[in-house]
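To start, the structure itself, in structure tokens.
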Amino acid sequence: MVCEDEAVIQKVCDLYAKICALESLKPCSHVDSLFTELVVTCISPTSQHFQISSLSTPLQQMRSNLIRLCANLTSTTFHNYDLDPLANSKALKLVSLDPDLKARMVFHTCDILSVGDELRKYEVVFLAALVGMEKEEKLRVIEHLWEFMSEGAYLMVRSANGGRAFLYPVVDDCDLVGFEVLSVFHPTDEVINSVIIARKKTRFEENEDDHQLISTMNNNSNNGVVANKCCEIQSFNNNNHGGLIEEFAMEAAEQFT
3 MVCEDEAVIQ KVCDLYAKIC ALESLKPCSH VDSLFTELVV TCISPTSQHF QISSLSTPLQ
63 QMRSNLIRLC ANLTSTTFHN YDLDPLANSK ALKLVSLDPD LKARMVFHTC DILSVGDELR
123 KYEVVFLAAL VGMEKEEKLR VIEHLWEFMS EGAYLMVRSA NGGRAFLYPV VDDCDLVGFE
183 VLSVFHPTDE VINSVIIARK KTRFEENEDD HQLISTMNNN SNNGVVANKC CEIQSFNNNN
243 HGGLIEEFAM EAAEQFT
């Protein structure tokens with residue numbers, strides 16, 4: 003495994019050089035691909051003898067610089083929305099331990115469904131696991147975010163997979179209508195929540211999807227199959243599952259006929 007360890011270190015060094023050469027870390031396909039490759043490299047297997055502390059001084063410096071690059075949110079402001087004033091009060095008290103972080107944290111006590119155009123100014127929106135306890139509530143929140151988020155903005159959704167679904171609501175890819183799902187991660191350790199990263203589609207992309215949907219509907223009209231954006235939804239019909247999602251698909255289909 004020593005050779006594999008050296009290969010990991012060399013790959014990280016190469017990616018570090020490419021990241022440092024970037025003019026900006028603003029999200030785009032090239033930046034995203036470099037950081038994705040970095041993550042994949044860093045989680046690849048290493049030997050039991052691999053120790054970060056044993057790296058040379060230049061490599062230690064590179065590592066420190068890389069950590070700072072990966073934490074490039076030192077000037078970002080975070081707006082937090084919660085229905086519970088007590089939750090916001092406790093959160094504010096918690097971040098008060100760090101004066102810099104406190105200065106960049108804003109807390110709003112309100113229902114996210116009452117927040118409209120203000121959502122357009124955010125580049126990234128995090129949807130907490132317990133916002134929308136029931137499926138219908140969760141879908142309503144996602145639809146609201148889609149309506150008011152800016153085109154191209156990112157949505158990070160907390161979900162659950164397997165037995166973890168006993169503890170937290172599940173969000174499926176096909177629930178994110180109007181969003182392009184970029185990445186899905188299901189943890190296999192003690193972490194409970196899955197993570198879905200999606201991007202709000204542009205109007206051009208939406209129109210392309212609409213044309214594809216209409217074309218598919220026309221192709222399937224002879225056998226009575228209604229096109230939808232939910233993978234394998236027909237397989238659930240015999241057991242009456244996925245009803246709400248199917249209704250959304252039917253409504254979308256009706257809009258184009």
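Residue numbers (the numbering used here): 3 to 259. For each residue, glycine too, the CB sits at the ideal point set by N, CA and C.
- Residue nearest to T38 within the set E207, L103, F187 and N195 is F187 (criterion: CA-CA distance).
- The continuous beta strand (DSSP E) containing F181 extends over residues F181 to F187.
- If you look at M64, you'll find it in the alpha helix (DSSP H) that goes T59 to C72.
- Look at the beta carbons and you see the segment 13-32 touching the segment 55-72: at least three pairs across the two are nearer than 8 angstroms.
- Distance check between R142 and each of L129, I21 and I198 places L129 closest, using alpha-carbon atoms only.
- Non-local beta-carbon contacts of Y83 in its own chain, meaning distances under 7 angstroms to residues more than five positions away in sequence, involve H110, C112, I114 and V117 in chain order.
- Your pair E125 and K202 does not check out as a contact, with CB atoms roughly 11 angstroms apart and the cut at 8 angstroms.
- Counting only residues of its own chain and dropping the five nearest sequence neighbours on each side, L178 has a CB closer than 6 angstroms to the CB of A200.
- Rounded to the nearest angstrom, the gap between the Cα atoms of S35 and A23 is 14 angstroms.
- Secondary-structure assignment with DSSP links A200 through a beta bridge to L157 and V183.
- Counting along the chain, D84 sits inside the beta strand (DSSP E) bounded by residues F80 to D84.
- Apart from the 5 residues on each side of it in sequence, S98 sits with its Cβ closer than 7 angstroms to the Cβ of K104 in its chain, given in chain order.
- By the beta-carbon neighbour count (other beta carbons within 10 angstroms, threshold 16), V159 is buried.
- Apart from the 5 residues on each side of it in sequence, L184 sits with its Cβ closer than 7 angstroms to the Cβ of I199, A200 and R201 in its chain, given in chain order.
- Out of H146, R122 and K123, the CA that lies nearest to the CA of V133 is found in H146.
- If one requires a minimum length of 4 residues, the alpha helix (DSSP H) runs lying completely within the segment 25-57 are 31-44, in chain order.
- In this model, A9 and T190 are separated by some 26 angstroms (Cα to Cα).
- Residue range M107 to T111 is occupied by the beta strand (DSSP E) that includes F109.
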